[in-house]
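Below is one structure, written out as structure tokens; comments come after it.
Protein chains: 2
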Amino acid sequence: MLDRQEVIKDLVSPNNSKIVMLVMDGIGDIPDKDGLTPLQRANTPNLDKVAKESDLGQTIPVLPGITPGSGPGHLGIFGYDPLKYQIGRGILEALGIDVEVGEKDVVARGNFATIDGEIIVDRRAGRPKSEESAKVVELLNEKIKQIDDVKITFYPGKEHRFVVKLTGENLGDKLEDADPQKEGKPIKYTKALDDSSLKTEKIVNKLLNEIREVLKEQPKMNFALLRGFSKYPDLPRFGEVFKLKAAAVAVYPMYRGLAKLVGMNVVSTGQTIEDEFKTVCELWDEYDFFYVHVKKTDSYGEDGNFENKVKVIEEVDKALPILLELNPDVLIVTGDHSTPCKMKAHSFHPVPLMIRAEFTRKGLSNAFNEFECARGSLGTIYAVDLMPLALAYSGRLEKYGA
Amino acid sequence: MLDRQEVIKDLVSPNNSKIVMLVMDGIGDIPDKDGLTPLQRANTPNLDKVAKESDLGQTIPVLPGITPGSGPGHLGIFGYDPLKYQIGRGILEALGIDVEVGEKDVVARGNFATIDGEIIVDRRAGRPKSEESAKVVELLNEKIKQIDDVKITFYPGKEHRFVVKLTGENLGDKLEDADPQKEGKPIKYTKALDDSSLKTEKIVNKLLNEIREVLKEQPKMNFALLRGFSKYPDLPRFGEVFKLKAAAVAVYPMYRGLAKLVGMNVVSTGQTIEDEFKTVCELWDEYDFFYVHVKKTDSYGEDGNFENKVKVIEEVDKALPILLELNPDVLIVTGDHSTPCKMKAHSFHPVPLMIRAEFTRKGLSNAFNEFECARGSLGTIYAVDLMPLALAYSGRLEKYGA
């Protein structure tokens with residue numbers, strides 16, 4: 028596919044208008060027993076009022092039928108073709124726990140596992156509590172600081188998960204996972220997939236042996252599986268491509284990290300949705316573009332907790348006047364993907380979208396939900412086309428051709 | 028992006044059916060104070076009757092968010108990817124004032140300007156009346172007929188604008204604009220961007236000096252800026268690609284020129300919409316495809332004149348029975364882009380589309396307007412996909428694959 032960014036970049040002409048992109052993670056859903064989706068069930072007078080003044084539509088995160096992870100889901104709405112730009116799992120995991128990753132570093136996602144001799148008997152080491160596994164991470168950091176000329180650092184994650192970072196020269200990230208994927212199989216060492224990663228292969232395999240040695244007395248967490256070796260991706264800078272000074276308002280490290288990856292300025296904020304919206308107010312004069320991320324619509328979708336997903340939507344609606352009072356020139360409300368409660372997982376379903384601005388075909392819809400959006404005036408578009416629309420509604424795109 | 032033409036070309040199988048594509052320039056709009064668009068407000072019994080028998084949809088001229096000029100807007104509905112084919116500004120301006128451009132000619136758009144010494148003090152020479160600037164064009168034609176072996180011809184335009192044509196051998200069009208773009212800056216000569224345009228560079232710079240010499244006594248129009256050097260673009264022929272004998276019925280030179288550019292046969296017609304429709308009747312047996320262009324929906328959009336845009340739509344509706352009596356096998360009603368009255372400019376909003384033919388999913392809508400089209404059975408498509416649909420509804424596209 029043509030890279031839209033290449034076309035758009037040449038047409039962008041900056042101005043002083045303000046854009047707010049409110050992303051309710053995993054907002055799209057399918058009807059529950061009573062035939063309603065969470066967006067339909069929730070009592071949302073403010074979102075509905077915005078809908079009356081908006082163009083509605085729906086986005087396809089990657090391609091029809093493709094369920095995106097958080098990485099591709101966000102790249103799309105940030106205006107990056109998720110088929111062109113890919114973010115390694117190691118990097119995503121590192122972002123998720125706030126690890127600083129340098130240009131030359133290679134990071135991997137780790138699982139503590141239980142082995143019996145050479146055989147992996149539990150790929151998650153009985154899902155230890157995060158406090159327990161953090162202690163083992165501490166032990167590893169104490170015992171393994173360097174392999175050859177490469178510095179090694181471990182970072183604790185949730186339960187059995189951790190991140191390992193390799194810092195040194197000439198490290199490539201084209202490596203097989205050191206993980207047989209199934210229990211009952213023997214330990215698997217990594218293998219370089221190209222010459223630039225031969226050094227990393229050697230370091231990682233030595234590292235696996237050292238981890239095994241250090242952890243041999245542990246009752247359950249006596250080995251580690253390493254996956255998703257990756258370096259920091261080289262993405263065009265959001266600010267340069269779209270000529271926007273962008274602030275990212277997000278609570279969870281993963282989304283703060285994704286925003287940082289494209290070059291947004293990740294700002295401090297509180298823990299609640301209201302805190303996030305107030306942060307936008309406080310920084311209103313300093314930025315052109317605000318990405319505001321609400322996590323829990325996705326979390327409750329993943330839990331299959333319909334009632335709580337409804338409550339989070341109502342919480343967003345209740346806090347919305349904080350943003351509305353700022354009267355942004357362009358207000359976008361959407362998600363990065365759907366997370367239907369019935370599926371308890373991300374899904375491929377199109378994502379509801381509304382854009383409020385001066386020049387919309389307003390008046391068609393009285394509510395913001397999957398069905399109104401499906402018949403909206405924007406049609407069904409790719410998520411990667413959202414940023415061009417945001418720029419267009421804010422008056423930032425020059426005419427194409429005479 | 029894949030060039031749709033390449034795919035379609037191999038599937039076209041000619042037959043005797045007739046296609047009429049009625050293009051109301053800039054037809055798409057957004058609601059006015061009363062919440063209605065011009066298409067909704069206009070009293071259009073005939074268009075509404077056609078809507079009942081049609082498939083409705085909306086087109087995106089180039090990409091979501093991109094506002095097209097008339098060139099890209101028309102290339103799209105003519106079935107040419109506007110991102111692949113680009114038409115130089117000089118050519119468009121020349122088309123707009125009916126200048127014949129040969130294969131080897133280079134044309135540029137000119138502005139009369141006022142200079143003080145070396146400094147440009149008014150890029151539009153105080154916006155002279157067209158009659159005044161036409162006299163200066165006459166003077167230039169009288170004094171400057173040739174530079175080296177290249178013939179020079181000037182053509183008058185509106186107000187400060189004119190077109191200059193260079194006719195000779197080995198002329199390239201890869202040149203910088205001879206225009207510093209801003210007032211208060213010194214005169215700028217052109218510069219070749221590749222070797223094939225070195226000769227043109229020399230000629231154009233000599234020409235600028237001669238223009239300056241000829242105009243030195245003029246009170247305001249004492250210099251000229253030249254922009255958009257371009258040759259006639261090499262486009263696949265409409266008739267060959269789509270195997271259609273096509274007539275273009277348009278009043279304004281720009282659109283007659285665009286149709287000629289793709290190889291349609293541009294026919295004589297009168298000044299009114301009724302005249303244009305009658306021309307279709309007169310030529311009915313001679314062509315397979317009629318492109319019929321209505322300009323004033325766009326003109327009134329650009330003026331912000333809602334009432335008059337409504338009147339033009341009603342005028343189209345009133346004259347429509349002339350076309351309906353011909354009972355074309357495929358009748359398409361659409362625009363090349365939107366021109367919302369509130370914006371007084373072309374816009375990026377999707378464009379209403381309806382296609383009446385034998386095999387449509389008729390019956391969904393009772394009116395032709397932005398909102399009915401947004402929820403129509405054709406969905407939201409790219410303008411470049413319109414010609415394939417026209418061919419398909421006319422029974423001209425073979426099955427793809429077995």
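Protein chains in written order, with the working numbering: chain A, 28 to 429; chain B, 28 to 429.
No residue lacks a Cβ here, since even glycine has one placed at the ideal position from N, Cα and C.
Discussion item. Assuming contact is defined by CB atoms lying nearer than 7 angstroms, are P99 of chain B and G428 of chain A in contact in what I supplied?
Written reply: Taking the first residue of the second sequence as position 1, residue 99 of chain B is located at position 72. Taking the first residue of the first sequence as position 1, residue 428 of chain A is located at position 401. A contact, by the Cβ cut-off of 7 angstroms.
Discussion item. Can you confirm whether the region 273-280 of chain A touches the region 310-321 of chain A when touching is taken to mean that 3 or more C-beta pairs between the two stretches lie within less than 8 angstroms?
Written reply: yes
Worksheet item: Which value, in whole angstroms, describes the spacing of the CA atoms of A361 of chain A and L380 of chain A?
Response: Residue 361 of chain A sits at position 334 when you count from the first residue of the first sequence. Residue 380 of chain A sits at position 353 when you count from the first residue of the first sequence. Strictly speaking, residue 361 of chain A in this sequence is Thr, with Ala absent from that position. One C-alpha to the other measures close to 5 angstroms.
Item to complete: For chain B, find out if any of its Cβ atoms is closer than 7 angstroms to the Cβ of S392 of chain A; answer yes or no.
Response: Here the question's residue 392 of chain A lines up with position 365 in the first sequence. With 7 angstroms as the cut-off, S392 of chain A does not count as an interface residue toward chain B.
Practice prompt. Report buried or exposed for F105 of chain A, applying the criterion of at least 16 other Cβ atoms within 10 angstroms of its Cβ.
Written response: The count along the first sequence starts at 1 and reaches residue 105 of chain A at position 78. The residue is buried, with at least 16 neighbouring Cβ atoms inside 10 Å.
Worksheet item: Who are the near neighbours of R202 of chain A in its chain, counting only those whose CB is closer than 8 angstroms to its CB and skipping five residues on each side?
Response: On the first sequence, residue 202 of chain A is found 175 positions in, with the first residue counted as 1. In the sequence as presented, Arg is not what sits at residue 202 of chain A; that position holds Leu. Around L202 of chain A: T217, K218, A219, L220, S224, T227, E228, V231 and F256.
Item to complete: Could you name the residues of chain B that Y427 of chain A contacts, counting a contact when the two beta carbons are closer than 7 angstroms?
Response: The sequence position of residue 427 of chain A within the first sequence is 400, counting from 1. Near Y427 of chain A (Cβ distances below 7 angstroms), the residues of chain B are V89, I93, T94, P95, G96 and P99.
Practice prompt. Closer than 7 angstroms, Cβ to Cβ, to anything on chain B: give me those residues from the region 386-415 of chain A, in chain order.
Written response: F386, T387, R388, K389, G390, L391, R402, G403, S404, G406, T407, I408, D412 and P415
Practice prompt. Answer with yes or no whether the minimum CB distance from L380 of chain A to chain B is below 7 angstroms.
Written response: Here the question's residue 380 of chain A lines up with position 353 in the first sequence. It does not; no Cβ of chain B falls within 7 angstroms.
Worksheet item: Where does I359 of chain A sit, in a helix, a strand or coil, going by DSSP?
Response: Translated into positions along the first sequence, residue 359 of chain A becomes position 332. Three-state result, I359 of chain A: strand.
Practice prompt. From the DSSP output, in three-state form, read off N43 of chain A for me.
Written response: Here residue 43 of chain A is taken as the residue at index 16 of the first sequence, counted from 1. Of the three classes helix, strand and coil, the one that applies to N43 of chain A here is coil, per DSSP.
Discussion item. Does the structure place the region 81-95 of chain A close enough to the region 362-371 of chain A that three or more beta carbon pairs sit under 8 angstroms?
Written reply: yes
Discussion item. DSSP three-state label for L193 of chain B, please.
Written reply: Residue numbering aside, residue 193 of chain B sits at position 166 when the second sequence is read from its first letter. Three-state DSSP puts L193 of chain B in a strand.
Item to complete: Express the C-alpha separation of G55 of chain A and F386 of chain B in angstroms, rounding to a whole number.
Response: Translated into the one-based positions of the second sequence, residue 386 of chain B becomes position 359. Translated into the one-based positions of the first sequence, residue 55 of chain A becomes position 28. Computed Cα separation, rounded: 35 angstroms.
Discussion item. What residue range does the alpha helix (DSSP H) around V289 of chain A cover?
Written reply: Numbered from its first residue, the first sequence carries residue 289 of chain A at position 262. Premise fails: V289 of chain A is in no alpha helix (DSSP H) and is neither H nor E.
Practice prompt. Tell me the start and end of each unbroken beta strand (DSSP E) in the region 91-173 of chain A that is at least 3 residues and wholly inside, in chain order.
Written response: 133-143 and 146-149
Worksheet item: Would you say A346 of chain A faces chain B, with C-beta separation under 7 angstroms as the test?
Response: To locate residue 346 of chain A, count along the first sequence from 1; it is residue 319. Output row for A346 of chain A: interface = no.
Fill in: Sequence-distant residues of the same chain with beta carbon closer than 7 angstroms to E145 of chain A, five excluded per side
If you number the first sequence from 1, residue 145 of chain A lands on position 118. P213 and I214.
Worksheet item: Taking Cβ-Cβ distances below 9 angstroms as the criterion, which residues of the region 249-282 of chain B are in contact with chain A?
Response: G255
Worksheet entry | Beta-carbon spacing of A384 of chain B, Y420 of chain B below 7 angstroms | For the purposes of this step, residue 384 of chain B is identified with residue 357 of the second sequence, where counting begins at 1. For the purposes of this step, residue 420 of chain B is identified with residue 393 of the second sequence, where counting begins at 1. Cβ distance < 7 angstroms, so A384 of chain B and Y420 of chain B count as in contact.
Worksheet entry | Residue-chain proximity (R116 of chain B, chain A), Cβ-Cβ < 7 angstroms | Along the second sequence, one-based indexing puts residue 116 of chain B at 89. Taking Cβ atoms only, chain A reaches closer than 7 angstroms to R116 of chain B, which makes this a yes.
Fill in: Same chain only: Cβ atoms within 6 angstroms of L74 of chain B, ignoring 5 sequence neighbours per side
By one-based count along the second sequence, residue 74 of chain B stands at place 47. Result list for L74 of chain B: D344 and F395, in chain order.
Worksheet entry | Exposure label - R283 of chain B; buried when at least 16 CB within 10 Å | Here residue 283 of chain B refers to the residue found at position 256 of the second sequence. Looking at its Cβ environment, which holds 16 or more other Cβ atoms inside 10 Å, R283 of chain B is buried.
Worksheet item: Ordered along the chain, which non-local residues of its own chain (more than five positions away) have a Cβ less than 6 angstroms from that of I114 of chain B?
Response: Within the second sequence, numbered from 1, the residue matching residue 114 of chain B stands at position 87. G98 and P260.
Fill in: Same chain only: Cβ atoms within 6 angstroms of P109 of chain A, ignoring 5 sequence neighbours per side
Within the first sequence, numbered from 1, the residue matching residue 109 of chain A stands at position 82. Cβ neighbours of P109 of chain A beyond the five flanking positions: V89, P99, L102 and G103.
Worksheet entry | the region 192-200 of chain A contacting the region 121-136 of chain A, beta-carbon criterion three pairs below 8 angstroms | yes
Worksheet entry | Spatially closest choice to E309 of chain A from A:D222, A:K209, A:E334 and A:V294, by CA coordinates | Here the question's residue 309 of chain A lines up with position 282 in the first sequence. With distances taken between Cα atoms, E309 of chain A lies closest to A:V294.
Worksheet item: Given a threshold of 16 other Cβ atoms within 10 Å of its Cβ, counted over all protein chains shown, does V50 of chain B qualify as buried or as exposed?
Response: The count along the second sequence starts at 1 and reaches residue 50 of chain B at position 23. Buried, since its Cβ has 16 or more Cβ neighbours within 10 Å.
Worksheet item: How would you write the range of the alpha helix (DSSP H) that I57 of chain B sits in, first residue to last?
Response: Start at 1 with the first residue of the second sequence, and residue 57 of chain B comes out as number 30. Element bounds for I57 of chain B: n/a, residue is neither H nor E.
Item to complete: Use the C-beta contact count for E303 of chain B: other C-beta atoms within 10 angstroms, 16 or more gives buried, fewer gives exposed.
Response: What you label residue 303 of chain B is simply residue 276 of the second sequence in a count that begins at 1. The residue is buried, with at least 16 neighbouring Cβ atoms inside 10 Å.
Discussion item. Suppose you measure from the CA of I35 of chain B to the CA of E210 of chain A; what does that come to, to the nearest Å?
Written reply: Locating residue 35 of chain B in the second sequence gives position 8, where the first residue counts as 1. Locating residue 210 of chain A in the first sequence gives position 183, where the first residue counts as 1. Those two C-alpha atoms are separated by around 52 angstroms.
Worksheet item: L285 of chain B CB to nearest chain A CB: under 7 angstroms?
Response: Against the second sequence, residue 285 of chain B aligns to sequence position 258. Chain A, which has no Cβ nearer than 7 angstroms to the Cβ of L285 of chain B, makes this no.
Worksheet item: Does the beta-carbon of L167 of chain A have 16 or more other beta-carbons within 10 angstroms, so that it is buried, or is it exposed?
Response: Numbered from 1 along the first sequence, position 140 holds the residue referred to as residue 167 of chain A. With 16 or more Cβ atoms within 10 Å of its Cβ, L167 of chain A is classed as buried.
Worksheet item: I think L424 of chain A touches L38 of chain A, with their Cβ atoms under 8 angstroms apart; what is that distance to the nearest whole Å?
Response: In the first sequence, the residue the question calls residue 424 of chain A occupies position 397. In the first sequence, the residue the question calls residue 38 of chain A occupies position 11. Yes, L424 of chain A and L38 of chain A are in contact; Cβ-Cβ is about 5 angstroms, under 8 angstroms.
Item to complete: Using three-state DSSP, classify V177 of chain A as helix, strand or coil.
Response: Here the question's residue 177 of chain A lines up with position 150 in the first sequence. In the structure shown, V177 of chain A sits in a strand (DSSP, three-state: E or B).
Item to complete: Report yes or no: is there a C-beta of chain A within less than 7 angstroms of the C-beta of G123 of chain B?
Response: Here the question's residue 123 of chain B lines up with position 96 in the second sequence. It does not: the Cβ of G123 of chain B has no partner Cβ on chain A nearer than 7 angstroms.
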